[in-house]
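Novice: Take a look at the following structure, please.
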Amino acid sequence: MNNTAGNATAGNDTSSGNSSAISLPPSLDLPPHLSAQKYFFVCTLTVAAWDVLVLTPRTWRLMKQQGWPLLKLIYYFLRLYVPAEFTIVGVAFFDTAWSQAQCQKFFLFEPVCTAILLAITSFVHVYRIHAIYEKSRSVLYGMGSLYAVQIVVTAICCGFYRSTPLEPGQGCIAEPKHSWVGIYWLSATILYTVSFVLAVKRSHKAWSAKHVNLWKLMLRDGLNLYAAIWLVNMVNMLFWFIITPTGPEDPIRTIVTSMAAVLTASMTMRIILAVRGPLTNGGRYAGSKVTRSAGTIRSQRAAGGVGTNPVLSVQQVQPAMYTVPLGAENKTGDWAGEDGKSSVHEGEKGGGIYPIEPVNADGDGDEGVKITIDTETHSQLNEYALEK
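Structure below.
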């Protein structure tokens with residue numbers, strides 16, 4: 051009996067020792083949703099780093115282009131801003147030395163910086179859609195109103211975030227105090243939805259006028275980029291309004307926000323890089339054509355284009371210099387050009403160049419009358435092409 055009791059006591063001691071040996075610190079003993087969020091944030095940082103690496107050659111080529119239009123400035127700002135923001139957020143998220151007292155002073159960093167990021171990317175969408183619709187005022191007023199609402203809503207919602215009550219060493223995460231704070235992302239998602247719809251509508255109108263391969267049309271007009279932005283923001287809406295957290299310490303609502311911000315910025319930068327021609331005033335629609343021939347530069351909108359502004363062809367005028375004789379008219383003589391390629395039948399009756407009296411007393415003056423005849427170079431269409 052004593053031996054049995056002793057063995058049982060020893061077994062209990064061993065079990066207690068094993069249980070204490072496998073206990074983890076709070077930084078490793080994470081709830082399922084928090085653990086998933088940390089893994090997902092690693093994916094976000096990987097996408098941000100990969101984006102910087104992949105776009106480096108195109109970033110350099112854009113740098114060599116002349117001028118600094120607004121879209122080019124925005125591109126380079128995003129190129130530096132996105133990695134900087136999420137590197138700082140990642141340090142606060144993974145650093146086990148961060149205390150909750152430090153987090154109380156820092157947690158607003160991500161929602162405020164992300165609101166600035168969304169404001170910049172949304173401006174690119176408004177600017178670009180307005181440009182491909184030939185500066186349509188209805189498009190400007192509609193998307194401009196959505197943009198203004200987004201700025202106001204995101205600014206107000208930043209005041210309704212709080213620090214997620216996590217254990218020491220589990221990081222610093224900002225989360226909303228109420229579910230309605232999700233309108234922070236809803237306002238941006240609505241704008242990106244309208245942007246995607248208008249981009250598709252513009253491409254469909256060009257395709258209806260001239261059928262092209264749909265895959266090429268999608269890549270040419272960047273519809274895949276608009277669709278990616280819309281999709282990631284809609285998935286973010288799913289987590290904000292449908293999935294319910296298990297408690298105040300569960301940050302499941304914000305699990306996709308960082309990825310949504312990074313992909314929105316990444317695809318927006320690619321929209322800028324996809325603009326054909328100069329970036330001035332938002333660039334032109336990729337379906338429009340520019341033809342050059344023999345001193346003529348003509349800008350043509352694709353059939354079915356939007357807008358009422360006429361496009362006029364620019365004709366270069368080539369002057370021709372001729373010398374006209376004074377005196378009797380020689381109906382059979384040729385005109386003599388100054389280039390010497392044609393001649394006047396001198397010596398014939400009524401032919402030749404007849405001098406006039408010098409203008410000045412010292413003998414200076416022109417020995418004939420020169421007139422300039424303007425000739426216009428006509429190209430493929432009429433002199434002025436009015437297109438709609």
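Numbering (the working numbering), first residue to last: 51 to 438. Here a beta-carbon is modelled for each residue, glycine too, at the ideal position from N, C-alpha and C.
Report the residue from 199, 270, 281 whose alpha carbon sits nearest the alpha carbon of residue 243.
Specialist: Within the sequence shown, the letter at position 193 stands for residue 243. Nearest of 199, 270, 281 to residue 243, Cα basis: 281.
Novice: Between residue 170 and residue 89, what straight-line distance do the alpha-carbon atoms span, to the nearest angstrom?
Specialist: Along the sequence shown, one-based indexing puts residue 170 at 120. Along the sequence shown, one-based indexing puts residue 89 at 39. Roughly 28 Å between the two C-alpha positions.
Novice: How many Å lie between residue 325 and residue 338 at the Cα?
Specialist: On the sequence shown, residue 325 is found 275 positions in, with the first residue counted as 1. On the sequence shown, residue 338 is found 288 positions in, with the first residue counted as 1. Computed Cα separation, rounded: 12 Å.
Novice: Is residue 333 closer than 8 Å to residue 99 when the C-beta atoms are compared?
Specialist: Indexing the sequence shown from 1 puts residue 99 at position 49. Indexing the sequence shown from 1 puts residue 333 at position 283. No.
Novice: Just the C-alpha distance for residue 239 and residue 314, rounded to the nearest angstrom, thanks.
Specialist: Numbered from its first residue, the sequence shown carries residue 239 at position 189. Numbered from its first residue, the sequence shown carries residue 314 at position 264. Those two C-alpha atoms are separated by around 10 Å.
Novice: If I follow the unbroken alpha helix (DSSP H) through residue 224, where does it start and stop?
Specialist: As a first step, residue 224 is located in the sequence shown; it is residue number 174 there, counting from the start. Per DSSP, residue 224 belongs to no alpha helix (DSSP H); it is in the beta strand (DSSP E), 224 to 226.
Novice: Under 8 Å between the Cβ atoms of residue 302 and residue 289?
Specialist: As a working note, residue 302 is residue 252 in the sequence shown. As a working note, residue 289 is residue 239 in the sequence shown. Cβ atoms of residue 302 and residue 289: closer than 8 Å.
Novice: Identify the continuous beta strand (DSSP E) that holds residue 335 and give its terminal residues.
Specialist: Translated into the one-based positions of the sequence shown, residue 335 becomes position 285. Taken as a continuous stretch (DSSP letters only), residue 335 belongs to no beta strand (DSSP E), as it is neither H nor E.
Novice: How long is the line joining the alpha carbons of residue 208 and residue 224, rounded to whole angstroms?
Specialist: Locating residue 208 in the sequence shown gives position 158, counting from the first residue. Locating residue 224 in the sequence shown gives position 174, counting from the first residue. Approximately 10 Å between the Cα atoms of the pair.
Novice: Are the beta-carbon atoms belonging to residue 97 and residue 306 less than 8 Å from one another?
Specialist: Translated into the one-based positions of the sequence shown, residue 97 becomes position 47. Translated into the one-based positions of the sequence shown, residue 306 becomes position 256. Their beta carbons are not under 8 Å apart, which means residue 97 does not touch residue 306 by this criterion.
Novice: I want to see whether chain C comes within less than 8 Å of residue 75, judged by CB atoms only; does it?
Specialist: No chain C is present in this structure, which holds just one protein chain.
Novice: So who's on the other strand from residue 211, going by DSSP bridges?
Specialist: In the sequence shown, counting from the first residue as 1, residue 211 sits at position 161. According to DSSP, which records beta bridges pairwise, residue 211 is partnered with 226.
Novice: Would you kindly check if the distance between the Cβ of residue 199 and the Cβ of residue 237 is under 8 Å?
Specialist: Translated into the one-based positions of the sequence shown, residue 237 becomes position 187. Translated into the one-based positions of the sequence shown, residue 199 becomes position 149. Result yes, Cβ atoms of residue 237 and residue 199 sit closer than 8 Å.
Novice: Helix or strand or just coil, what does DSSP make of residue 160?
Specialist: Here residue 160 refers to the residue found at position 110 when the sequence shown is read from its first residue. Note: residue 160 maps to helix in three-state DSSP.
Novice: Expressed to the nearest angstrom, what Euclidean distance is found between the alpha-carbon atoms of residue 117 and residue 321?
Specialist: Translated into the one-based positions of the sequence shown, residue 117 becomes position 67. Translated into the one-based positions of the sequence shown, residue 321 becomes position 271. Between residue 117 and residue 321, the C-alpha separation is close to 19 Å.
Novice: Going by other Cβ atoms of all chains shown within 10 Å of its Cβ, with 16 needed for buried, is residue 79 buried or exposed?
Specialist: By 1-based counting over the sequence shown, the position of residue 79 is 29. Exposed: under 16 other Cβ atoms inside 10 Å.
Novice: Is it a yes or a no for the region 142 to 159 touching the region 213 to 228, going by three-plus beta-carbon pairs under 8 Å?
Specialist: Yes, the region 142 to 159 is in contact with the region 213 to 228.
Novice: Does the Cβ of residue 92 have 16 or more other Cβ atoms within 10 Å, making it buried, or fewer, making it exposed?
Specialist: Indexing the sequence shown from 1 puts residue 92 at position 42. Residue 92 should be labelled exposed.
Novice: Closest to residue 298 by C-alpha separation, out of 202, 81, 72, would be which residue?
Specialist: Start at 1 with the first residue of the sequence shown, and residue 298 comes out as number 248. Per the Cα distances, 81.
Novice: Please classify residue 229 as buried or exposed, where buried requires at least 16 neighbouring CB atoms within 10 angstroms.
Specialist: Position 179 of the sequence shown, counting from 1, holds the residue named residue 229. Answer is exposed; the Cβ neighbour count stays below 16.
Novice: Does DSSP put residue 266 in a helix, in a strand, or in coil?
Specialist: In the sequence shown, residue 266 corresponds to position 216, counting from 1. If DSSP states are grouped into helix, strand and coil, residue 266 belongs with the helices.
Novice: Go ahead and pull the three-state DSSP assignment for residue 83.
Specialist: Residue mapping note: residue 83 aligns to position 33 of the sequence shown, counting from 1. Helix at residue 83.
Novice: What three-state label does DSSP hand residue 138 in the structure shown?
Specialist: For the purposes of this step, residue 138 is taken as the residue at position 88 of the sequence shown. Looking at residue 138 - three-state DSSP - the assignment turns out to be helix.
Novice: Could you tell me how far apart the beta carbons of residue 136 and residue 105 are, in whole angstroms, since I believe they sit closer than 8 Å?
Specialist: By one-based count along the sequence shown, residue 136 stands at place 86. By one-based count along the sequence shown, residue 105 stands at place 55. Incorrect: roughly 16 Å between the Cβ atoms, too far for contact.
Novice: Going by the CB atoms, is the gap between residue 83 and residue 300 shorter than 8 Å?
Specialist: Counted from its first residue, the sequence shown places residue 300 at position 250. Counted from its first residue, the sequence shown places residue 83 at position 33. For residue 300 and residue 83, yes; Cβs fall inside 8 Å.
Novice: Please identify the residue among 336, 232, 249 whose C-alpha is closest to the C-alpha of residue 292.
Specialist: The count along the sequence shown starts at 1 and reaches residue 292 at position 242. The option with the nearest alpha carbon to residue 292 is 232.
Novice: Run the CB neighbour count on residue 226, radius 10 Å, all protein chains shown included, and call it buried at 16 or more, exposed below.
Specialist: What you label residue 226 is simply residue 176 of the sequence shown in a count that begins at 1. Classification of residue 226: buried, given that the 10 Å Cβ count is 16 or more.
Novice: Would you call the region 121 to 136 in contact with the region 183 to 195, where contact means no fewer than 3 C-beta pairs closer than 8 Å?
Specialist: Contact between the region 121 to 136 and the region 183 to 195 is absent, because fewer than three Cβ pairs lie under 8 Å.
Novice: Can you find the residues in the same chain that come closer than 8 Å, C-beta to C-beta, to residue 234, ignoring five residues on each side of it along the sequence?
Specialist: As a working note, residue 234 is residue 184 in the sequence shown. These residues qualify, in order along the chain: 161, 165, 203, 204, 207, 208, 226.
Novice: For residue 269, tell me which candidate among 295, 287, 304, 317 has the shortest Cα-Cα distance.
Specialist: Numbered from its first residue, the sequence shown carries residue 269 at position 219. Among 295, 287, 304, 317, the Cα nearest to that of residue 269 is on 317.
Novice: According to DSSP, simplified to helix, strand and coil, what is residue 254?
Specialist: Mapped onto the sequence shown, residue 254 falls at position 204. DSSP places residue 254 in helix when its eight states are reduced to three.
Novice: What are the start and end residues of the alpha helix (DSSP H) that includes residue 285?
Specialist: For the purposes of this step, residue 285 is taken as the residue at position 235 of the sequence shown. 273 to 291 is the extent of the alpha helix (DSSP H) around residue 285.
Novice: How far does the alpha helix (DSSP H) with residue 109 in it extend, from its first residue to its last?
Specialist: Here residue 109 refers to the residue found at position 59 of the sequence shown. 106 to 114 is the span of the alpha helix (DSSP H), which, as asked, contains residue 109.
Novice: With 16 as the cutoff for other CB atoms within 10 Å, does residue 335 come out buried or exposed?
Specialist: Residue mapping note: residue 335 aligns to position 285 of the sequence shown, counting from 1. The residue in question, residue 335, is buried, as its Cβ has 16 or more Cβ neighbours within 10 Å.
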